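Note sheet for the following structure.
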Amino acid sequence: MPNNISSRLGVNLMNGSDFESFTYFNANERSWRFDRKHTVINNYGASGSKSLGVTVNSNQTSEVGLQAFRRKFKGDIPTTVTAKVKTDNTATIRFYWQGRRYDQGFFQARKESEKHLIGAVDLAG
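Using this note's numbering, the first residue of the sequence shown is number 2, and each one after it goes up by one.
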């Protein structure tokens with residue numbers, strides 16, 4: 002393991018980045034991108050609140066991600082992704098990051114910028 006690695010420890014370091022408040026105030030969710038045809042609101046929130054559920058058929062995929070580029074990170078700053086996933090079936094969860102150049106607008110970056118695989122987790126169900 003390399004020496005002198007700095008990390009940010011804590012929960013919800015990217016403001017508004019959880020599904021726990023998804024149904025508060027009966028407002029439409031605007032922070033997250035997801036296929037609304039395949040989602041449901043359920044009662045599995047880690048804090049006892051609501052969470053977002055994604056329902057897909059075998060061999061079908063669904064993308065969930067932030068609606069906006071929330072922060073600009075330097076490439077050498079470690080960032081952690083944590084997910085709590087519950088499934089009754091087998092599933093593969095893949096985590097990607099996508100960057101945006103300073104001269105790119107949001108929609109251009111979403112369309113053109115490469116998605117980089119961080120890692121994948123196979124769940125047995």
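The C-beta atom is built at its ideal place from N, Cα and C for all residues, glycine as well.
Note that this is a predicted model, so its numbers are computed, not measured.
Straight-line gap, His117 to Lys87 (C-alpha atoms, nearest Å): Whole-angstrom Cα-Cα distance: 24 Å.
Candidates Leu53, Lys85, Glu113, Trp98, of which the one nearest Pro79 by Cα: Trp98
Per DSSP, cross-strand counterpart(s) of Gln99: Lys116.
Selection from Ala84, Ala92, Thr81, Phe35 that minimises the alpha carbon distance to Asn58: Of the listed residues, the one whose Cα sits closest to Asn58 is Ala92.
Start and end residues, beta strand (DSSP E) containing Val55: Here the beta strand (DSSP E) through Val55 covers 52 to 55.
The beta strand (DSSP E) enclosing Thr40, as first and last residue numbers: Annotation for Thr40: the continuous beta strand (DSSP E) segment containing it runs 40 to 43.
Cβ-heavy atom distance, Arg34 to the ligand PLP, below 7 Å: The ligand content of the structure shown is nil, which means the ligand PLP is not present either.
Three-state secondary structure assigned by DSSP to Ala92: strand
Ala84 (DSSP reduced to helix, strand or coil): coil
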